[in-house]
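Asker:
Number of protein chains: 2
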Amino acid sequence: MSAPTDDEAAFVDEVAEFFAREGLPLISGRVLGWLLVCDPPEQSPAQIAEALKVSRSSLSTAVRLLTPGGPVETVRRPGDRNVYLRVAADGWSRMLERRYAQGSAFRRITEHGLRVLQDAPAERRERLAYVNELYRFLESELPALFLRWQETRGKDPAP
Amino acid sequence: MSAPTDDEAAFVDEVAEFFAREGLPLISGRVLGWLLVCDPPEQSPAQIAEALKVSRSSLSTAVRLLTPGGPVETVRRPGDRNVYLRVAADGWSRMLERRYAQGSAFRRITEHGLRVLQDAPAERRERLAYVNELYRFLESELPALFLRWQETRGKDPAP
DNA sequence: CCGTCGTTGCAGTCATGACTGCAACGACGG
DNA sequence: CCGTCGTTGCAGTCATGACTGCAACGACGG
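Protein chains in written order, with this note's numbering: chain A, 4 to 162; chain B, 4 to 162.
1. Taking S96 of chain A and W152 of chain A to be in contact with their CB atoms under 8 Å, please state how far apart those CB atoms are, rounded to whole angstroms.
2. Let me know if L27 of chain B comes out buried or exposed under the rule of 16 or more other beta-carbons within 10 Å of its beta-carbon.
3. In its own chain, which residues sit with a C-beta less than 7 Å from the C-beta of F149 of chain A, not counting the 5 before and 5 after it?
4. By Cβ distance, which residues of its chain are closer than 7 Å to V78 of chain B, with the 5 residues on each side in sequence left out?
5. Please check if any C-beta of chain A sits within less than 7 Å of the C-beta of V90 of chain B.
6. Beta-carbon of W152 of chain B versus every beta-carbon of chain A: anything under 7 Å?
7. Considering only DSSP beta bridges, list what E76 of chain B is partnered with.
8. For S61 of chain A and L68 of chain B, I'd like the C-alpha separation in whole angstroms.
9. Between the stretch 111-120 of chain A and the stretch 131-139 of chain A, are three or more C-beta pairs nearer than 8 Å?
10. Where G82 of chain B and F22 of chain A are concerned, what is the direct C-alpha to C-alpha distance, given to the nearest angstrom?
11. Rounded to whole angstroms, what is the Cα-Cα separation between A147 of chain A and A104 of chain A?
12. Closer than 7 Å by beta-carbon distance: list the chain A residues that pair up with A108 of chain B, in chain order.
13. Cα-Cα, which of A:L55, A:V75, A:L39 is closest to L29 of chain A?
14. Does the beta-carbon distance from P74 of chain B to A91 of chain B come in below 7 Å?
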């Protein structure tokens with residue numbers, strides 16, 4: 004109940020490994036994986052720390068990376084001092100949306116570069132201008148993509 | 004000519020910093036930034052190493068991360084033993100496409116998780132099933148997005 | 001054949017950050 | 001008021017990987 008089976012542990016590690024390649028600490032990834040399969044689906048930090056065999060302090064910092072606007076949300080129950088964590092209904096698409104939105108930061112960098120080359124011949128600015136256009140294209144198209152997702156599937160998040 | 008101006012160096016570092024956050028080594032990011040603005044646009048490894056003040060060996064390994072199917076390509080000129088590097092005309096969208104395609108790896112992980120929960124009640128599988136659907140959605144939509152980009156803009160890459 | 005170039009491997013340095021374990025704190029239900 | 005919980009800060013360990021500098025090599029134009 005509070006400990007993962009071998010198969011579940013293997014899955015948890017796969018998830019962690021995947022997100023580690025994207026810069027997330029290993030423990031954060033394991034929390035994410037565990038919250039996807041654990042039973043019950045809402046667990047207190049203490050339960051998670053025990054299930055994953057990690058110290059409470061590192062769990063606390065690991066959760067902080069997942070919870071403000073991320074794929075994990077916090078639940079409080081009246082008359083219960085414990086805090087519970089669970090995967091947020093729409094948190095995953097929010098996370099991906101935010102990751103893709105990172106591209107606009109790079110769009111701004113390319114525009115800085117174009118300002119630096121302000122007086123250079125057009126042919127020298129071409130490379131940067133091309134990349135800038137690509138990011139502007141994605142920036143204009145991706146929100147519509149996620150909107151379409153919300154419409155088809157994301158409408159019915161459980162309370 | 005072979006050394007960046009202060010403004011160019013600042014731009015190069017911005018690019019490097021951005022890609023460093025995505026797991027790319029600092030030097031690789033600086034090479035990428037430099038190749039976006041340098042003059043001439045094609046430079047030999049020796050020239051780049053001098054412009055960026057890095058050792059040739061680390062430059063060589065840094066370039067390897069950018070060049071096989073990445074945003075940088077290698078050019079050889081007949082009667083010239085030097086190798087030249089430049090940003091590939093369509094390399095940038097290829098790079099992003101590949102990055103987004105990474106999602107299918109995670110889709111496979113979610114399917115592994117669903118197999119692990121094969122005998123669990125449907126309500127417990129819900130969380131994973133939702134994430135799985137989201138990745139399947141993106142996997143089906145993103146290729147069309149890049150295709151549209153190729154059609155509108157990517158048609159005329161310089162030889 | 002000589003000299004330069006790009007690559008690769010290796011030893012070694014250095015910075016970073018993930019993680020643990022402990023202590024201290026505020027919150028809060030009993 | 002007591003006890004547990006979650007959080008935060010801190011010191012300390014450990015692994016990783018980025019980078020340098022050197023040596024060795026093959027390729028190749030002169």
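Quick reminder that beta carbons are idealized off the backbone N, C-alpha and C, glycines included. From a predicted model like this one, the values you see are computed outputs, not experimental measurements.
Answerer: In short:
1. At roughly 6 Å, the Cβ-Cβ gap stays under 8 Å, so S96 of chain A and W152 of chain A are in contact.
2. So L27 of chain B ends up on the buried side.
3. Same-chain partners within the cutoff: S96, E100.
4. E45, Y87, R89
5. yes
6. The beta carbon of W152 of chain B sits closer than 7 Å to some beta carbon of chain A.
7. B:R89
8. S61 of chain A and L68 of chain B: Cα-Cα distance of roughly 32 Å.
9. yes
10. 47 Å
11. 12 Å
12. Result: F21.
13. A:L55
14. yes
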